[in-house]
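Heads up: the sequence shown runs through residues -19 to -1, 1 to 84, numbered per mature numbering (1 follows the signal peptide of the UniProt record, and there is no 0). C-beta atoms are modelled at their ideal positions from N, C-alpha and C, and glycine is treated no differently. All values derive from a computational prediction rather than experimental measurement.
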Amino acid sequence: MKKMIVAMVALLASVSAFAQEAAVAAAPVVTADKGMVALAAALTIAVAVFGGAMAQGKTAATALEGIARNPAASGKLLIPMILGLALIESLVIYALIIALKLS
């Protein structure tokens, strides 16, 4: 019985000791690399916006060219074009979320 009590005390003491170490490890670490992280976030947004704008421009231009060549196909081109634009924009928003998580 005494061995079981000693074992329980040792177990509870070690849990509290590990909890203190976890609290210290979970504390935010301030480093001097905040400027580099901000630069990486800005670069991420710049590349994503540039790529998204180029892709949306190409998508709209190609769809309008297709409609100009065959006006009867405008109904068949409109939905895939809008879906493509939405997917392109979602990638840009995803890059924004990643950049915000970085900074």
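- Query: By the 10 Å Cβ neighbour count, where 16 or more other Cβ atoms means buried, how is M17 classified, buried or exposed?
  - Reply: exposed
- How is the alpha helix (DSSP H) around S71 delimited, first residue to last? 55 to 83
- Message: On the criterion of 16 or more Cβ atoms from any shown chain inside 10 Å, does M35 qualify as buried, or is it exposed?
- Response: exposed
- Message: Distance check for K15 and E70, CA to CA, integer angstroms please.
- Response: 28 Å
- Is it right to say A54 is buried, meaning 16 or more other beta carbons lie within 10 angstroms of its own, or is it exposed? exposed
- Query: Going along the chain, which residues of its own chain have a beta-carbon closer than 8 Å to the beta-carbon of A77, five neighbours each way excluded?
  - Reply: Checking the sequence, you will find Leu at residue 77 rather than Ala. Contacts found: I26, A29.
- Going by C-alpha distance, which of G47, R50, G32 is nearest V73? G32
- Query: Of the residues Y75, A49, L45, I79, which one's Cα is nearest the Cα of I63?
  - Reply: L45
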